[in-house]
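Participant:
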Amino acid sequence: MAYRTTDRNGTLYFRRVIPAELRPFMPAPWTGKANWTKSLRTKEARKAVQPYARCLSDCEADFVAAERAKRGEAPMAAPLRRSAMPSVEEIEADVFAALLAADDAARTDGDARKQLQTAEARAELPHLRAIALDGRWMEEDFFEGYGEELELLHGDYARALARQNPQVVDAECRAFLRHRGIPIEPDSGDYREAAMAILRAHVRAYEAKLERQLGKAIATPAPSRRRGPTLSEAYAAWKTGSGARGSKKPGERTLLEADYAVRRLTEWHGDIRLGDLTREKARDFRDNLARVPTRLPGDLKRLPMRDLLKRDLSAYAPQHAATINKTLNILAAIANHAEAAGSLDGVPDFKNPFGKGTKLVVDARVEEKRQPFSAADLTAIFTTGVFRSGERPRGGGGEAAFWLPVLALLSGARQGELAQLRLTDLSQDRETGVWYLDISTAGGRSIKTASSRRKIPLHPELERIGLLRYRQALLDGGAKPEASLWPNVEADKEGRQNGPWSKWFNRYLRDKAGIEDRTKVFHSFRHSFKELARAARLGEDVHDALTGHTGGGLGRRYGGFGLKVLAEELARIEAPDAVRSLRWEER
């Protein structure tokens, strides 16, 4: 996290220098300031990931605003916060229910004469028509006048709806949004959608009121909150988890993906209540999400989905069906959590809208499978300048350019697991003397699954090449045990250690090693390790214990292997010829 700092009390802050030429044009409260600074409200790096991402987004938006102001351009209209905006269905339903509830009150005690006059006051005016001041019904003369008013108002609202002109309910729309604490932006598309929903509610409500005038029994619907929690409420509950010890909570990477999923769904359907989220709406969202390309530049990524899809996006590659399904799976998990918590008990016949019937069918015939590196590939990689001439490209993160590929090949660990390692995570077991890599969530790290938590003994070849000497060199240089094993690896905007490094390695693989096959990436080292393990005839249970992989055997458990046994098994794996001559030298 390039802009993260710590104050003297250990609280983490986001701080970014504002270029001098932009300072006079920065929006308040940053006008004239040298730094854009906000507290991340935590001392723990893991908890700072999300607030850091929000601060980065807000900071970049302020920089863009300053650049526009410097060029003399009008400021961009602030988008309505869709996370606070209910869906148009909920707006219409709530306004409709409120109008009918008001009609109920008018038909019982809404006569102003009953509210403003007393029997004594009316007795002094004998020419007035007698009414039952304590009667819980509508007086005949009031009924006639009320009906005439309903016809006039219904005509006004119906004509406005026919003309698609919501100005007649502008005051009601402003009052509705103000009551909900939603920003009022009359020029935005969101504001018009809300106003049209309110206008439709008025037309329907006055039609229902006129039906009541004819003596028909028209029920007042229940408030929308009986349709379950809103998407934002369900998401907040899902992130928190049950609170029970041992209960599953989403990891950092999953939270980032969930933020994206919820943001896109909210942009498309508003902060809809789960009870109103039908399969039809889910499929509509899925089909339009599929139109959002991958690898978009930052300015396009930040656009609301409806605005984005109005652009010409033909220059960008489409998303893979599996990626879209992953987004749908996260949304399904949020709905499942709400259902399990009983938040949807009041919704008759609720079915998760993101169930199996919503997923896209992935064509396995065109699915790219990651392939292991061949012996020739490994030779090509480990004879490049990083391994033979001591080159340390900036994007490679210093010594990480050398060690991450070697470690992946001889441990089978995932790139994300290796990139998060701290010095203390390369440890020696006191009882057995075995050196190992500790793959866990300690120190704010994240792991893929519960089975990923493990200890991987060091292959003898790693010790020969010099991994322990490298570790000692860092300690001798003043590094603390909690410091990263790869101090020069830069994190991406979301705080992921392996993001930029992965992009560098893929370029290095193509440009320097000459490996053009797109099915061969860093993850191919893990597949190569699996092949080496099978060649050494390691049992699948041992193999799975080393790689943190959930085996295919029913009920298979592989957490009971002692570290010494795993070390003995790992030593049976013969290191490839391509790394046998490698040796790390301190520079």
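Residues in the sequence shown are numbered consecutively from 1, following UniProt numbering.
We treat Cβ as the ideally placed atom computed from N, Cα and C, and that holds for glycine.
#1: Taking tyrosine 508 and glutamate 399 to be in contact with their CB atoms under 8 angstroms, please state how far apart those CB atoms are, rounded to whole angstroms.
#2: Under the three-state reduction of DSSP, which class applies to serine 389: helix, strand or coil?
#3: Where does the unbroken alpha helix (DSSP H) through tryptophan 501 begin, and where does it stop?
#4: Identify every residue that forms a DSSP beta bridge with arginine 15.
#5: Within its chain, find whatever has a CB closer than 6 angstroms to the CB of methionine 138; leave out the 5 residues flanking it on each side and keep chain order.
#6: Count the C-beta pairs between the stretch 9-21 and the stretch 52-70 that are closer than 8 angstroms, then say yes if the count reaches three, no if not.
#7: From the DSSP output, read off the bridge partner residues of glutamine 428.
#8: Under a Cβ-count criterion, where at least 16 other Cβ atoms within 10 Å of its own Cβ denotes burial, should tyrosine 260 be classed as buried or exposed?
#9: Between the alpha carbons of histidine 523 and leucine 468, how many angstroms are there, rounded?
#10: Would you kindly check if the distance between the Cβ of leucine 328 and the Cβ of lysine 301 is under 7 angstroms?
#11: Is it buried or exposed for valine 361, if we count other Cβ within 10 angstroms and need 16 for buried?
#12: In this structure, how does DSSP classify threonine 31 when only helix, strand and coil are distinguished?
#13: Start and end of the alpha helix (DSSP H) containing lysine 70?
#14: Is the number of C-beta pairs between the stretch 194-211 and the stretch 165-183 that are closer than 8 angstroms three or more?
#15: Give me, in chain order, the residues of the same chain whose beta-carbon lies closer than 6 angstroms to that of proline 27; leave out the 5 immediate sequence neighbours on both sides.
#16: Go ahead and pull the three-state DSSP assignment for serine 411.
#17: State yes or no: is the C-beta of arginine 273 within less than 7 angstroms of the C-beta of methionine 305?
#18: Cβ of threonine 379 within 7 angstroms of Cβ of alanine 578?
#19: With a threshold of 8 angstroms, are at least 3 pairs of Cβ atoms found where one atom belongs to the stretch 228-242 and the other to the stretch 336-351?
#20: Let me know if phenylalanine 525 comes out buried or exposed under the rule of 16 or more other beta-carbons within 10 Å of its beta-carbon.
#21: Which class does phenylalanine 143 belong to by DSSP, given the choice of helix, strand or coil?
#22: Using only alpha-carbon positions, find the residue among Asp94, Thr5 and Arg174 that is nearest to tyrosine 52.
#23: As a quick exercise: from Thr278, Leu296 and Leu462, pick the residue whose alpha carbon is nearest that of residue 588.
#24: With DSSP collapsed to three states, give me the class of proline 24.
#25: In angstroms, rounded to a whole number, what distance separates the CA positions of arginine 286 and leucine 546?
#26: Taking the alpha carbon of tyrosine 146 as the point to measure from, which residue in Leu210, Val95 and Pro166 has its own alpha carbon closest?
#27: Have a look at Ala442, Asp190, Ile324 and Ala97 and flag the residue whose alpha-carbon is nearest the alpha-carbon of proline 221.
#28: Taking 8 angstroms as the threshold, find out whether the stretch 380-392 comes into contact with the stretch 509-516 through three or more Cβ pairs.
#29: Round the Cβ separation of alanine 290 and isoleucine 334 to the nearest angstrom and send it over; I've been treating them as touching at under 8 angstroms.
#30: CA-CA distance, arginine 200 and asparagine 9?
#31: Relative to the alpha-carbon of leucine 532, which residue among Phe505, Trp501, Glu569 and Phe561 has its alpha-carbon at the smallest distance?
#32: Please classify residue 605 as buried or exposed, where buried requires at least 16 neighbouring CB atoms within 10 angstroms.
#33: Can you list, in chain order, the residues of its chain whose CB lies under 6 angstroms from that of arginine 394, leaving out five sequence neighbours each side?
#34: Taking its Cβ as the centre, do 16 or more other Cβ atoms sit within 10 Å of aspartate 476, making it buried, or is it exposed?
#35: What did DSSP end up calling lysine 209 once you bin it into helix, strand or coil?
Facilitator: In brief:
#1: Contact flag wrong, Cβ pair sits at about 15 angstroms.
#2: In the structure shown, serine 389 falls within a coil segment according to DSSP collapsed to helix, strand and coil.
#3: 499-511 is the span of the alpha helix (DSSP H), which, as asked, contains tryptophan 501.
#4: BP columns for arginine 15 point to Thr37.
#5: Result list for methionine 138: Arg107, in chain order.
#6: The stretch 9-21 vs the stretch 52-70: in contact.
#7: For glutamine 428, which the question treats as bridged, DSSP gives the partners Trp435.
#8: By the neighbour-count rule (16 or more Cβ atoms within 10 Å), tyrosine 260 is not buried but exposed.
#9: Between histidine 523 and leucine 468, the C-alpha separation is close to 24 angstroms.
#10: Not in contact: lysine 301 and leucine 328 (Cβ atoms no closer than 7 angstroms).
#11: Counting Cβ neighbours within 10 Å, valine 361 comes out exposed, since fewer than 16 surround it.
#12: Coil at threonine 31, not helix or strand.
#13: Counting along the chain, the alpha helix (DSSP H) containing lysine 70 begins and ends at 49-70.
#14: The stretch 165-183 and the stretch 194-211 touch, with three or more beta-carbon pairs separated by less than 8 angstroms.
#15: If we look at proline 27 and ignore the five residues flanking it on each side, its Cβ neighbours are Asp62 and Ala65.
#16: If DSSP states are grouped into helix, strand and coil, serine 411 belongs with the helices.
#17: Pairing arginine 273 with methionine 305 gives a Cβ-Cβ distance that is not under 7 angstroms.
#18: The answer is yes: Cβ separation under 7 angstroms.
#19: The way I'd put it, the stretch 228-242 does touch the stretch 336-351; three or more beta-carbon pairs between them come closer than 8 angstroms.
#20: Classification for phenylalanine 525: buried.
#21: In the three-state reduction of the DSSP assignment, phenylalanine 143 falls in the helix class, which pools H, G and I.
#22: That would be Thr5, whose Cα lies nearest to the Cα of tyrosine 52.
#23: Lying outside 1 to 587, the shown extent of the chain, residue 588 is not represented and no answer is given.
#24: DSSP places proline 24 in helix when its eight states are reduced to three.
#25: Taking C-alpha positions only, arginine 286 is separated from leucine 546 by approximately 38 angstroms.
#26: Nearest of Leu210, Val95 and Pro166 to tyrosine 146, Cα basis: Leu210.
#27: If we check each option's Cα against that of proline 221, Ala97 comes out closest.
#28: The stretch 380-392 makes contact with the stretch 509-516; the number of CB pairs closer than 8 angstroms reaches 3 or more.
#29: About 20 angstroms; that fails the 8 angstroms criterion.
#30: When rounded, the distance between both Cα atoms is 55 angstroms.
#31: Leucine 532 has its Cα closest to that of Glu569, out of Phe505, Trp501, Glu569 and Phe561.
#32: Look at the range of the chain in this structure, 1 to 587, and you will see that residue 605 is not part of it.
#33: Excluding positions up to five away in sequence, the list is empty.
#34: Aspartate 476 sits exposed, since fewer than 16 C-beta atoms from the chains shown fall within 10 Å of its C-beta.
#35: Three-state result, lysine 209: helix.
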